[in-house]
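Inspection log for the structure reproduced underneath, given as C-alpha cells.
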Ligand code: URP
Ligand code: ZN
Ligand code: ZN
C-alpha cells in the first residue's frame, strides 16, 4: 500500500491544534506524530506542509446535483459538481435523492444512486426528499435507513411540488423517531407565501426582488417553530436546513435551551449576501434561492455568525443548487424561465466550491471563529450529524485520509472565470478572500495539487451512513 507523509504542517481538528506530521497509508491515516524524523518514519511520498493548516476534508451535507426544479435541472451533474467540490476542499457530500408525488421513495433512491454511480470525484451519501407520505413511503423509510439513507427532507414550502402538510410531517416524524433517522426540514410557510406571491404578481411586481419581499422572515420563524413543536410531540430528531432568518434562529435557540434534539445549518449565501443582491432588475435572478437572502440592516447576518460561534447553529452547508443565467449547454433555459415572473425563477445558488474558503475568510480570517470551530462546522459536526464520524470529519488514526492543506494567508478572488462549477456566474464574483485550499487528498489519493485536478470520476463511492451521533 502506498504511503504519504504530510510534514511540518499545523494539524487542526475540532478539538486540537498541533504541529505534527501525518502518515497516510493506503486510504487511511496511520499515525499522527510530533516528528516523523525523530521516529525515523518514512513514506513513498513526502508533502511539505510548512505554513499550511492541515485540516479534515470538508463535508457538505446539502447539495443538489441535477435536481429537477421549476422545469429544468440544476446545472451541475454528479461529475462536475463533485469535482468542483474537490477543488474547494470538500471531500464528502450528501446530496438529496427525490421521491415525487405518486412515486416510490425506494425507486427515487435507486434513480439517484444510478445517476451518481461511477461519476463522483469524492465520496457521497444521500438524504431522501419524501414528497409523498403514505403507508408505502413509511415502510420504505425503514428500508432506506438500512441502505444508509438515515435522513429525510421534508418541505413546509413549495405547495404542489415537494410540500408536505402538518399531518404528513407528523406521520414521517413518528416513523423517524421509531427508526432513528433525522427529519431535515425546509421551514418556510409555503401556503402563506403563495398568497403573497399571487398578490405581488397581480400588482405587476414581477422582478426577482419580489422573491425576497414575499418570503418574509417571520414566515420562516413560524414554520421553524411549528417544525420544532411537531418534533416535540413525535419525539423526532429535527435538523433545520438552510436557516436564514433571526426569527428562525430564535426558535432553534429556545428549543436547544429546552434540551431538545433540534439542530440547524446555515449556508454561505446567508452569511455573505443580502436582500440587495436580489435588486437591479433581472440580474437579481442570480440570487434567487429559498429561503431568500435577508435584509442586512435587520441584523440576520451577524446573528447567524454569532449562532455559529455559540453553537446555536451546528453546521455550514451550501445548498448548492446552480442554474445558469444563459442557456445551459445540456439542460437549456434556466434562470430565464422566470423573466416576467419571479416565482418561476428556478430556486438556487451555486457554492459547493466556495464554502470552505468563504467560511475560513469570514470566520477565521475576519476573527469571528477559531480554526477549530471552522473545522467543527465544516467537517466534524456534519459527519456526526449524519452518521459519518469518525470515518469522516476528522484527522485521526484509522479515519479516511481525507485531508486538505489550506494556506491561511493567501488571498485570492472568487470568479466564474476561474471556478469549476458548471454554471455561468459566481454568486461571489470579485470577492477577495483570505485562505486558499492548495492540496486535497481523498482517501489517501492527492486529487488537487499545484492548481491541477489529479483525480478521476468514480474515485468517489457511496457512503452507507449510520444514524446521527449528535443526540443530546
Ligand atoms: O433555493 C433552493 N434552496 N433550492 C434548492 C431546493 C431547496 O429548497 O433546498
Ligand atoms: Zn430547501
Ligand atoms: Zn436544498
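Residue numbers (my numbering): 56 to 527. Glycine included, every Cβ here is placed at the ideal spot set by N, Cα and C.
Asked: For residue 374, the three-state DSSP class (helix, strand or coil); Found: coil
Asked: Integer-rounded CB distance, given that residue 205 should sit under 8 Å from residue 442; Found: 5 Å
Asked: Limits of the beta strand (DSSP E) - the one that residue 402 falls within; Found: Where residue 402 is concerned, there is no enclosing beta strand (DSSP E), given that its DSSP letter is neither H nor E.
Asked: Euclidean distance between Cα positions of residue 362 and residue 351; Found: 16 Å
Asked: Any heavy atom of ligand 2 nearer than 6 Å to the CB - residues listed; Found: 241, 296 and 297
Asked: Residue 293 - containing beta strand (DSSP E), residue span; Found: 292-295
Asked: Other residues of its chain near residue 327: CB distance less than 7 Å, five sequence neighbours each side excluded; Found: 413, 417 and 483
Asked: Proximity test, residue 382 beta-carbon vs ligand 3 heavy atom, cut-off 7 Å; Found: no
Asked: Span of the alpha helix (DSSP H), counted from its first residue to its last, around residue 250; Found: 245-257
Asked: Residue 401 vs residue 114 beta-carbon contact at 8 Å; Found: no
Asked: Local conformation of residue 432 per DSSP, three classes; Found: helix
Asked: Own chain partners of residue 406 with C-beta closer than 6 Å, once the 5 adjacent residues on each side are dropped; Found: 323, 373 and 375
Asked: Any non-hydrogen atom of ligand 3 closer than 7 Å to residue 182 Cβ; Found: no
Asked: Own chain, CB closer than 6 Å to residue 26, minus 5 neighbours either side, in chain order; Found: Past the edges of the chain, shown from 56 to 527, lies residue 26, and the structure says nothing about it.
Asked: Beta-carbon proximity of residue 242 to residue 279, cut-off 8 Å; Found: yes
Asked: Range covered by the alpha helix (DSSP H) that runs through residue 86; Found: Segment 83-88 is the beta strand (DSSP E) holding residue 86; no alpha helix (DSSP H) there.
Asked: Residue 266: CB within 7 Å of a non-hydrogen atom of ligand 1; Found: no
Asked: For residue 359, the three-state DSSP class (helix, strand or coil); Found: helix
Asked: Three-way DSSP call (helix, strand, coil) for residue 223 in this model; Found: helix
Asked: When 260, 199 and 82 are compared against residue 231, the one with the closest alpha-carbon; Found: 199
Asked: Collapsed DSSP secondary structure at residue 56 in the structure displayed; Found: coil
Asked: Residue 444 vs residue 429 beta-carbon contact at 8 Å; Found: no
Asked: Beta-carbon proximity check, residue 58 vs residue 92, cutoff 8 Å; Found: no
Asked: Presumed contact (8 Å Cβ cut-off) between residue 187 and residue 154, rounded CB distance; Found: 6 Å
Asked: 7 Å Cβ shell around residue 306 - same chain, five flanking residues per side excluded; Found: 276, 279, 280 and 283
Asked: Alpha-carbon to alpha-carbon, residue 255 and residue 515; Found: 45 Å
Asked: Proximity test, residue 262 beta-carbon vs ligand 1 heavy atom, cut-off 7 Å; Found: no
Asked: Nearest-angstrom Cα separation, counted from residue 364 out to residue 111; Found: 19 Å
Asked: Contact check, residue 477 vs residue 130, beta carbons under 8 Å; Found: yes
Asked: C-beta atoms of residue 37 and residue 462 nearer than 8 Å; Found: Any answer about residue 37 is impossible in this case: the structure gives the chain only from 56 up to 527.
Asked: Check: residue 376 C-beta below 7 Å from any heavy atom of ligand 3; Found: yes
Asked: Backbone CA spacing between residue 336 and residue 399 [nearest angstrom]; Found: 15 Å
Asked: Close Cβ partners of residue 87 (< 6 Å) along its chain, the five nearest in sequence each way excluded; Found: 75 and 77
Asked: Simplified DSSP state of residue 63, which is helix, strand or coil; Found: strand
Asked: Collapsed DSSP secondary structure at residue 369 in the structure displayed; Found: coil
Asked: Buried versus exposed call for residue 56 [16 or more other C-beta atoms within 10 Å across all chains shown]; Found: exposed
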